[in-house]
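First the structure, in the form of structure tokens, and then the observations on it.
Number of protein chains: 2
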Amino acid sequence: MPSDTKARIQAVARELFAEQGVRNTSLRQISDRLGITKPALYYHFASREDLVRSIVQPLIDDHDRFVTARGPGDPRELLEDYFEMIWRHRQVFVMVLNDLATLGQLDLTDRLFDWRRRLVGLLLGADVTQEQRIRATVALGGMSDCTVEYAGLPIEEVKPTAVHAAAAALGL
Amino acid sequence: MPSDTKARIQAVARELFAEQGVRNTSLRQISDRLGITKPALYYHFASREDLVRSIVQPLIDDHDRFVTARGPGDPRELLEDYFEMIWRHRQVFVMVLNDLATLGQLDLTDRLFDWRRRLVGLLLGADVTQEQRIRATVALGGMSDCTVEYAGLPIEEVKPTAVHAAAAALGL
DNA sequence: GTCTATAATTCGATAGAC
DNA sequence: GTCTATCGAATTATAGAC
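Listed below in structure tokens is the structure:
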């Protein structure tokens, strides 16, 4: 192999992006952690944006492929395949979460997990199995997505169904 | 009222943050849209971080209050109250989504909505009621949250339950 | 409370040697 | 392929007049 530097840059960038957010990460930080200089990055990537794009592109391609090259079929099977697909890209999803976390200097990530833990406690009591916890994540996370996707609608048109679906996910 | 400028600054900031992401928004853009100058902002906020914090703080306070000042009770009622609480903060959630969208120059927001639309089509066919669409959002969004919250676990410990809960949310 | 002017820093990016 | 050196632009933040 003539050079794996390009891949190493991407690995370190992914790491830093997930740690502290994309926009909060400078090329200098990336080159420092690699032990090389900033201009060296420009030999492998035309621009900062080119580097970022190269990291997010696989997620885009996989999603595009999934929604196009696929016919109607068993919904359950589709849910399973879809889960496996987004699972492979979970590091990029963590990137987003940590972009939120670094908005201020607020440690929002820690808070977020603590809130979830306590919410699950309120929902299901103190003793919860891992299975119940996962179900609760689907319920609470699914509702959260509704507030984004239907942000423009009146709440009465969203809340009843969203709550109903969340309760079903919980097994209630 | 001695001055509502502080509130107007926050309103414009929230607007721009949701439009183009937090880190991509400069104080100059905020002051420009308000028709004032940048130093004027510093009369009302000690720093840029202080401004951002003042916008995110209500979400933090509401979450803290929700998980503390509340005993165990009817799970269904809790889901409803929780939904109403996060619904009030949906603008902040959109901020995060758009921070993702502006990572590169990729129009990820549009893509995201398009993927969701097509996934719902694959799951439920062409004719979908609004109710089915919301249920699908809970299912797909909930699974997506699992990939973040349990990113460190082996997939076999997450996927079966996550898919099962998603199917239940869909009414399958 | 808002302005003009500017300091201080950081960032992305390039030139050119090796 | 990587380095030193540096440019130009943008950003946060401050000083001081009004």
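One line per chain: the protein sequences are A and B, in this order. Letter by letter, the first sequence follows residues -2 to 169 of my numbering. Letter by letter, the second sequence follows residues -2 to 169 of my numbering. Even glycine gets a Cβ: it sits at the ideal position worked out from N, Cα and C.
Could you work out which residues of chain B lie near residue i, taking near to mean beta carbons separated by less than 8 Å?
i	result
S141(A)	I83, F90, G138 and D142
E77(A)	K156 and V160
DSSP three-state label for residue i, please.
i	result
F110(A)	helix
Y39(A)	helix
T65(A)	helix
P55(B)	helix
A148(A)	coil
Applying the criterion that 16 or more other CB atoms from any shown protein chain within 10 Å of the CB defines a buried residue, is residue i buried or exposed?
i	result
F14(B)	buried
K35(B)	exposed
R113(A)	buried
E153(A)	exposed
L150(B)	exposed
E146(A)	buried
T144(B)	buried
Which bits of chain B does residue i rub up against, with CB to CB less than 7 Å?
i	result
N21(A)	R20
G32(A)	Within 7 Å Cβ-Cβ: nothing; G32(A) doesn't reach chain B, min ~25 Å.
Step through the CB atoms of chain B and report whether any lies within less than 8 Å of the CB of residue i.
i	result
K156(A)	yes
E128(A)	yes
L13(A)	no
R62(A)	no
A163(A)	yes
R25(A)	no
Just the chain A side, please: which residues come within less than 8 Å of residue i by C-beta, in chain order?
i	result
F42(B)	Neighbours of F42(B) on chain A: none; closest Cβ ~12 Å, over 8 Å.
D124(B)	Ordered by position in chain A, no residue passes the 8 Å Cβ test against D124(B), which lies about 13 Å from the chain.
Under 8 Å by Cβ, that's how I've got residue i and residue j pegged, so tell me the actual separation to the nearest angstrom.
i	j	result
A10(A)	I27(A)	5 Å
H86(B)	L56(B)	4 Å
K156(B)	F90(A)	Actually they are not in contact, since the Cβ atoms of K156(B) and F90(A) sit about 15 Å apart, beyond 8 Å.
A159(A)	I83(B)	Contact flag wrong, Cβ pair sits at about 10 Å.
L116(B)	V49(A)	About 25 Å separates the two Cβ atoms, so there is no contact after all.
Residues of chain B with CB under 9 Å from residue i, in chain order?
i	result
I57(A)	L103, L105 and R108
Give the interface partners of residue i over in chain A, defined as CB-CB distance under 9 Å, in chain order.
i	result
V117(B)	Here the premise fails: no neighbours, minimum Cβ distance about 10 Å.
Quick check: is the beta carbon of residue i nearer than 8 Å to any beta carbon in chain A?
i	result
P69(B)	yes
D1(B)	no
P151(B)	no
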